[in-house]
Each structure stands twice: as structure tokens, then as C-alpha cells.
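Per the working numbering, the very first residue in the sequence shown carries number 16; after that it's consecutive.
Idealized CB from N, CA, C, for every residue including glycine.
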Amino acid sequence: PHGGAFLDVRHLGAERIKRKLPSMYEQFHALASIDITRQPMEVGPTIHYTMGGVRVDAETGATTVAGLYAGGEVAGGLHGANRLGGNSLGDILVFGLRAGAAAADFAMSRRREPKNIDERQVTQEQQALLRPLDQGENGASPGENPYKLHEELQAVMQDDAGIGRSEESLQRALAAIQELRARAAHMRVSGGRVLNPGWHTCRDVSNMLTISEAIVRCALERRESRGSQWRFDHLDQSEELGQVNFVSRRDGEAMRVEAVPLEPLPERLRPLLERSRFYDPAKLPKGYMTARPARAGRKAG
Numbered sequence: 016p017h018g019g020a021f022l023d024v025r026h027l028g029a030e031r032i033k034r035k036l037p038s039m040y041e042q043f044h045a046l047a048s049i050d051i052t053r054q055p056m057e058v059g060p061t062i063h064y065t066m067g068g069v070r071v072d073a074e075t076g077a078t079t080v081a082g083l084y085a086g087g088e089v090a091g092g093l094h095g096a097n098r099l100g101g102n103s104l105g106d107i108l109v110f111g112l113r114a115g116a117a118a119a120d121f122a123m124s125r126r127r128e129p130k131n132i133d134e135r136q137v138t139q140e141q142q143a144l145l146r147p148l149d150q151g152e153n154g155a156s157p158g159e160n161p162y163k164l165h166e167e168l169q170a171v172m173q174d175d176a177g178i179g180r181s182e183e184s185l186q187r188a189l190a191a192i193q194e195l196r197a198r199a200a201h202m203r204v205s206g207g208r209v210l211n212p213g214w215h216t217c218r219d220v221s222n223m224l225t226i227s228e229a230i231v232r233c234a235l236e237r238r239e240s241r242g243s244q245w246r247f248d249h250l251d252q253s254e255e256l257g258q259v260n261f262v263s264r265r266d267g268e269a270m271r272v273e274a275v276p277l278e279p280l281p282e283r284l285r286p287l288l289e290r291s292r293f294y295d296p297a298k299l300p301k302g303y304m305t306a307r308p309a310r311a312g313r314k315a316g
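In C-alpha cells:
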């Protein structure tokens with residue numbers, strides 16, 4: 016009914032389903048009144064992880080903004096075009112530690128250094144943050160509903176910039192994002208500053224529009240299918256595009272995208288990459304493990 020596929024797990028039996036899939040069982044029962052021990056469930060792809068992100072220095076997590084560090088999912092570049100399951104934990108443990116240590120070193124080295132603050136910029140940011148709370152004359156609130164804009168943006172990105180993409184769909188998404196951005200300038204919410212989720216959503220929507228535009232613009236430039244990007248109009252991988260990352264930057268009020276060549280692989284990591292190209296254990300470099308022990312009941316592959 017909603018354009019998804021139907022997953023049927025009834026053959027597993029009710030007891031096993033409830034034991035192995037307790038969260039899924041409860042969610043479908045509570046949110047859709049569906050008993051997956053008796054009925055198929057409709058499923059579909061959705062965003063699970065953001066593989067792109069802030070461009071950082073791999074050793075320190077430093078961004079291009081002095082004093083700002085990033086690690087984990089917010090940082091881009093580690094997982095390439097398709098994150099492998101389970102890698103997020105190692106990512107945040109290793110690079111979170113690096114970013115935290117580097118940030119502490121930065122703070123300690125500059126703790127006595129006076130900082131000139133642009134008060135005009137602070138005032139502008141304050142005004143932008145508080146604008147959604149401005150109800151206008153007589154308490155009227157004719158502005159845009161942030162929850163509605165959030166819902167519309169979600170639909171645009173799912174339908175036109177999801178796994179399956181094309182020049183046409185991405186251009187359509189970009190036009191919709193620009194229209195939503197214009198409307199977002201007029202978001203209004205009721206209530207005050209304390210415990211106001213609508214006000215928080217206003218800020219979320221503004222940030223989501225920026226991220227969505229970056230995703231779409233970079234996807235337009237990557238005229239190939241690679242990893243999680245499936246371009247209907249460019250089904251093959253491009254050797255040339257496989258050697259670059261696309262980086263988006265603010266250029267005044269506009270967003271600019273540029274192709275940045277990949278940095279050479281460090282020599283200490285090169286053997287790991289080379290190992291992945293060997294399929295014959297006899298050709299593995301000396302000293303490497305050739306294979307995992309075969310599981311009981313299975314032949315060694």
C-alpha cells in the first residue's frame with residue numbers, strides 16, 4: 016500500500032519471532048496494529064547512517080575552523096561509499112579519542128590568549144535563533160510550521176534523492192530544497208524558550224536544509240553508481256570519479272562543490288589494501304593469516 020516490499024517471517028514461528036525480534040514485534044504491534052507472527056510487514060529502505068560529513072584531519076579531527084574538532088558519524092571520509100556494519104563503533108572509539116585529545120591540547124595551549132569577539136556577528140546569530148519566537152502583532156503567528164517543513168523535506172529526500180537517483184530527480188530535489196529554504200525563513204512557533212521542541216525543530220530544519228543541499232549537489236556531480244549511490248542514468252563506476260571526493264563549501268549565500276583528489280594511502284596501510292586483492296591464500300604476503308578456521312559443518316572457502 017505504501018510502495019514498499021512485504022517481509023514475511025511467519026515461518027519462523029511465534030515463539031522464535033518474539034525471542035529474536037522483540038523490538039520489531041513490539042513496534043509493528045504498537046504503531047501499526049500488525050502482529051508479525053500472523054501477518055507480513057511492509058518494509059522499505061531509509062537512511063541509516065550518514066557517510067559524508069565534516070572534512071577533518073585524520074590524525075586530529077581538526078576541521079577548517081580553528082578550535083572546532085569532529086569525530087564519528089559527523090565526520091566524513093572514513094567509510095568511503097558504503098559503511099560496513101559494525102564499523103561505527105570502532106570509528107567513534109578511535110577518532111573520537113583523537114579528536115578529544117587534540118581539542119584538549121588546543122584549549123590548553125590557548126587558554127590565556129585573549130579572543131576578539133565580533134559582537135555584531137553574535138547579535139545577528141541571536142536574532143536568527145530567536146526569530147521563530149517572534150509572534151508579531153497581537154500574538155498572531157502566520158508563519159511556516161517547522162514540523163510541516165520537516166515532513167516535506169523528508170519526503171523530497173526520500174523520493175528524489177534516495178538510493179535510486181538520476182539527474183532529473185536530483186534537480187527536482189534541489190529546486191524543492193530551495194523553495195523550502197525560502198519558506199523556512201518564515202518559520203514561527205508558539206511558546207517560550209524553555210522546553211520548546213518546536214523552536215528546536217526550527218533550528219533542525221535549517222541545518223537539515225544545508226545538509227540536504229550538500230548531498231544533492233555532490234550527488235549531481237558524481238555521475239556514476241558507487242556504494243550507496245545508484246544513479247539510474249549512470250549505472251557504471253567511473254575510474255576517474257573514484258579518485259576524488261566532492262567537498263561542498265559556502266560561497267557567500269551560495270553553496271559551491273569542488274572535486275578534491277584523494278590523498279595517497281599511507282605506506283603503513285598499503286599492505287592491508289593489497290591483502291584484500293588476493294584470493295589465493297598461497298599468494299598472501301608472508302606472515303599474514305591465510306583464512307579463518309572453518310566453522311563446524313562448513314567447508315573452508
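Check	Outcome
Supposed close pair isoleucine 178, serine 103 - CB separation, criterion 8 angstroms	Going by Cβ atoms, the distance from isoleucine 178 to serine 103 rounds to 19 angstroms, so no, they are not a contact pair.
DSSP three-state assignment for glutamine 139, whether helix, strand or coil	helix
Candidates Lys163, Gln173 and Leu250, of which the one nearest aspartate 219 by Cα	Lys163
Where alanine 117 falls: helix, strand or coil (DSSP)	helix
Simplified DSSP state of aspartate 149, which is helix, strand or coil	coil
Which of helix, strand or coil DSSP assigns to tyrosine 294	For tyrosine 294, the predicted model reports a pLDDT of 48, less than 50, meaning its position is unreliable; a value from the coordinates is still stated below. Reduced to three states, the DSSP call for tyrosine 294 is coil.
Coil, strand or helix - tyrosine 84 by DSSP	strand
Nearest-angstrom Cα separation, counted from proline 161 out to glutamate 167	10 angstroms
Secondary structure, alpha helix (DSSP H): runs of 4+ residues fully inside the stretch 206-281	212-236
C-beta contact flag for aspartate 248 and serine 181 at 8 angstroms	yes
Candidates Glu278, Met39 and Leu235, of which the one nearest arginine 271 by Cα	Leu235
Beta-carbon separation (whole angstroms), valine 109 vs alanine 90, contact threshold 8 angstroms	Contact flag wrong, Cβ pair sits at about 11 angstroms.
Neighbour-count burial assignment, valine 58, 16 or more Cβ in a 10 Å radius	exposed
At least three beta-carbon pairs within less than 8 angstroms, the stretch 76-91 to the stretch 113-133	yes
Buried versus exposed call for glycine 86 [16 or more other C-beta atoms within 10 Å across all chains shown]	buried
Sheet register partners of leucine 36 (DSSP bridge)	The partner list for leucine 36 (beta bridge, DSSP) is empty, contrary to what the question assumes.
Exposure label - arginine 175; buried when at least 16 CB within 10 Å	It should be pointed out that residue 175 corresponds to aspartate in this sequence rather than to arginine. When all chains shown are included, aspartate 175 counts as buried.
Exposed unless 16 or more other CB atoms sit within 10 angstroms - verdict on tyrosine 64	exposed
DSSP three-state assignment for valine 204, whether helix, strand or coil	coil
Cβ-based burial, valine 171 [other Cβ within 10 Å; buried from 16]	buried
Simplified DSSP assignment, three categories, for methionine 66	coil
8 angstroms Cβ shell around tyrosine 96 - same chain, five flanking residues per side excluded	Reading the sequence as shown, one finds alanine at residue 96 and not tyrosine. Same-chain partners within the cutoff: Met66, Arg241, Gly242, Ser243 and Gln244.
Rounded straight-line distance, which links the Cα of arginine 31 to that of methionine 56	16 angstroms
Residues near asparagine 260 by beta carbon distance below 6 angstroms, same chain, minus five either side	Val275
Residues that alanine 90 bridges to, as DSSP identifies them	Val69
Status (buried if at least 16 other CB within 10 Å, exposed otherwise) for arginine 25	exposed
Buried or exposed by the 16-neighbour rule on C-beta atoms within 10 Å, applied to glycine 158	buried
Check whether serine 227 and alanine 199 have beta carbons under 8 angstroms apart	no
Nearest candidate by alpha-carbon position, reference isoleucine 107, set Gln136, Gly76, Ile132 and His17	Gly76
Arginine 203, buried or exposed, once every other Cβ within 10 Å from all chains shown has been counted against 16	buried
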